[in-house]
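Enquirer: Let me give you the structure first, and then I'll get to my questions.
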Amino acid sequence: MSRITGCVGISLADGDRIETAYRTGPTGMQYATLRVGLSLGIDVVDASPDVLRALAAAADELADWREAQDAKADVAAQVDAEDGVRNVRALRPAVAA
């Protein structure tokens, strides 16, 4: 059962690390955390392997979506350049440094 009761928005840059971290509690039980950049940690408590694979598949789908958005922006910029348009506004959202 998921226990997220709100929405979390984070901005990730290309250099931000996404990794797993493991720790052992005082009773000897092992815990796992998905770390996303420096600002978000998701503790994996009761997730089954199927749920974790679904999470990975959703992340892969988001990567495909981002690539499609970037390709659209590149095509639009190229068309504008070929048409001699000057002062083209940025087509991609700014990335936080």
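Per the numbering used here, the very first residue in the sequence shown carries number 3; after that it's consecutive.
Even for Gly, the Cβ is constructed at its ideal location relative to N, Cα and C.
For Y33 and G27, which I take to be in contact (beta-carbon distance under 8 Å), what is that distance rounded to the nearest angstrom?
Expert: The pair is a contact, with the Cβ atoms about 6 Å apart (cut-off 8 Å).
Enquirer: Ends of the alpha helix (DSSP H) at A65?
Expert: 51 to 84 is the extent of the alpha helix (DSSP H) around A65.
Enquirer: Residues bridged to G43 by DSSP?
Expert: Paired residues: R37.
Enquirer: Among all the DSSP beta bridges, which residues are the ones paired with I12?
Expert: Looking at the DSSP assignment, I12 forms no beta bridge with any residue, so it has no partner.
Enquirer: Where DSSP assigns a beta bridge to T26, which residues make up the other side?
Expert: T26 pairs with Q32.
Enquirer: Distance, Cα to Cα, G43 vs I20?
Expert: In a straight line, the C-alpha of G43 is about 10 Å away from that of I20.
Enquirer: Give the single residue among V10, I12, T35 whose Cα lies nearest to the Cα of T22.
Expert: Comparing Cα positions, the closest option is T35.
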